[in-house]
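Asks: Structure in structure tokens, see below.
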């Protein structure tokens, strides 16, 4: 006869630049900063060790170790975060542009000394007709920014538009199928049932009472990355299997360089 | 003209015994266990150090240090978790009942050697007309289980129903107002605007893709705890301020003992 108070009402954290806020918080407070999380849309939560995003050079992961030697003179760091790749490359004399969609991340890059930054997507950057790049970094599993096979083609196409002859993409990716975890296997199956690529993961970052909008990240085995890349004008020239992640280097086909 | 896919659709993790699953996972896998979180309904997330719930005796927090000496012969550990208080008290010769609403937590207590357990609330336990208890433990901030001032009266009343003469409640609580954190201050204000006690916090535990139902926890300053206790037949006989939490001991008024 009465309507009790419901304890299961829907609610959402407020939407904002949780990733950027977390980086700014860490820049200002170090290990006293609030925790920072990544949430998958099946409810799986993971704590992000924000400090790792502030490491430099010699502290890079094994998978990323070749970046320092391999990077060309003009570098676009895609999803630059706190600038952990941009800074040492800039210090080594490269001309680096740190790109991130997170205004907070870009602010952190600037405060830490990155001289050139761009707040936005690679599509928005391509629209500004920048000087061509020799190297694109997709470190920290940022091959995930391909989002989906279809979007990945556009994304790799946008990089080709702003690429110098012989340009390379150096980055890391996770093979989604290199797991026996029932939770991940169930997630793949759920994706298949929804007509999504099994390796697509829908994520949001969380910090304090703020969450980013949901975004898709794409994890693919290297064979699939190779195939996608070729359709977009890039050739797989190096592959270093690791446990997780693996390193993959793509090189622009000669015919595809920006003028 | 088209309906795009929404990236902000509502979703919820599946509802279940996330707290119990986290304890079982830790019991079986130790530091390899999946992370365990507590989420407040404004979106604030915190990682729970599950290992702390498995510490014993000498590792108890400063606030809880007096428990070992003070506990009587027959003890009800309310919200026993992994049994970190129940086990050493049982080893010291006390007769301990570990109570928890989480079936997983009770399972962990049993597997770790707690001989008497009860799965359910203190109201449900009181319904079984158990032998009276000398001591009730509300450690680990479990004065929070008062939930609200009104519920707190019933809760303390239920304990009085199953209390031996001179019985004590020994537990810890957090003074919600001992903070300058704007996020917490905003949460208090939101509570006031909704007619809730400012120190009420709505929480759920999360582990893997599972979340418990939302539940309320009540944090009050000691003056308020004292007042509530008196209305339910309990007297504040010891208070040890700490930073957070504080220790409070309540003793049953003589007229209120179970026969």
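Protein chains in written order, with this note's numbering: chain A, 4 to 262; chain B, 4 to 262.
Just so it is clear, CB atoms sit at the ideal spot from N, CA and C, and this is done for glycine as well.
None of the values given here were measured: they were computed from a predicted structure.
List the residues of chain A that residue 49 of chain B touches, going by C-beta distances under 7 Å, in chain order.
Replies: 38
Asks: Is the beta carbon of residue 170 of chain A less than 9 Å from the beta carbon of residue 255 of chain A?
Replies: yes
Asks: Going along chain B, which residues have a C-beta under 9 Å from residue 278 of chain A?
Replies: Chain A is shown only over 4 to 262; residue 278 of chain A falls outside these bounds and no answer can be derived.
Asks: Quick check on the burial criterion: 16 or more other C-beta atoms within 10 angstroms. Buried or exposed for residue 22 of chain A?
Replies: Counting Cβ neighbours within 10 Å, residue 22 of chain A comes out buried, since at least 16 surround it.
Asks: Answer yes or no: the CB of residue 202 of chain A versus the heavy atoms of the ligand ADP, is any distance below 8 Å?
Replies: The ligand ADP is absent from the structure shown, which contains no ligand whatsoever.
Asks: Measure from the C-beta of residue 26 of chain A to each C-beta in chain B and report whether the shortest distance is under 9 Å.
Replies: no
Asks: Any Cβ of chain B within less than 9 Å of the Cβ of residue 10 of chain A?
Replies: Residue placement at residue 10 of chain A is flagged as unreliable, the pLDDT there being 44, under the threshold of 50; the coordinate-derived value follows with that caveat. Output row for residue 10 of chain A: interface = yes.
Asks: Which residues of chain B have a Cβ atom closer than 8 Å to the Cβ of residue 209 of chain A, listed in chain order?
Replies: Neighbours of residue 209 of chain A on chain B, chain order: 46, 48.
Asks: Suppose contacts are defined by Cβ-Cβ distances below 9 Å. Is residue 109 of chain B in contact with residue 162 of chain B by that definition?
Replies: With a cutoff of 9 Å on beta-carbon distance, residue 109 of chain B and residue 162 of chain B are scored as not near each other.
Asks: On the CB-based measure, 16 or more other CB atoms within 10 Å of its CB, does residue 42 of chain B come out buried or exposed?
Replies: buried
Asks: So, for residue 16 of chain A: in the same chain, excluding its five sequence neighbours on each side, which residues have a beta-carbon less than 8 Å away from its beta-carbon?
Replies: 209, 212, 213, 214
Asks: Residues of chain B with CB under 8 Å from residue 17 of chain A, in chain order?
Replies: 46
Asks: What in chain A is Cβ-close to residue 186 of chain B, meaning under 9 Å?
Replies: 37, 211, 212
Asks: Once you ignore the five residues that flank residue 59 of chain B on each side, which residues in its own chain have a CB closer than 8 Å to its CB?
Replies: 87, 90, 91
Asks: Could you give the uninterrupted runs of the alpha helix (DSSP H) lying entirely in the region 169-202 of chain A, keeping only those of 4 residues or more?
Replies: 185-196
Asks: Among the candidates B:143, B:232, B:95, whose CA atom is the shortest distance from the CA of residue 152 of chain B?
Replies: B:232 is the residue among B:143, B:232, B:95 whose C-alpha sits nearest the C-alpha of residue 152 of chain B.
Asks: If you measure between the beta carbons of residue 202 of chain A and residue 179 of chain A, is that distance less than 9 Å?
Replies: yes
Asks: Does residue 95 of chain B pass the burial test, meaning 16 or more other C-beta atoms within 10 Å, or should it be called exposed?
Replies: Exposed, since its Cβ has fewer than 16 Cβ neighbours within 10 Å.
Asks: Alpha carbon to alpha carbon, what distance is there between residue 150 of chain A and residue 56 of chain A?
Replies: 21 Å
Asks: How long is the line joining the alpha carbons of residue 84 of chain B and residue 103 of chain B, rounded to whole angstroms?
Replies: 7 Å
Asks: Unbroken alpha helix (DSSP H) runs of length 4 or more, entirely within the region 77-162 of chain A: which are they?
Replies: Within the region 77-162 of chain A, the complete alpha helix (DSSP H) segments of 4 residues or longer fall at 89-94, 106-114, 125-129, listed in chain order.
Asks: Please state whether DSSP places residue 222 of chain B in a helix, a strand or coil.
Replies: coil
Asks: Under the three-state reduction of DSSP, which class applies to residue 53 of chain B: helix, strand or coil?
Replies: helix
Asks: Per DSSP, which one or two residues make a beta bridge with residue 243 of chain A?
Replies: A:250
Asks: Tell whether a beta-carbon distance below 9 Å holds between residue 173 of chain A and residue 237 of chain A.
Replies: no
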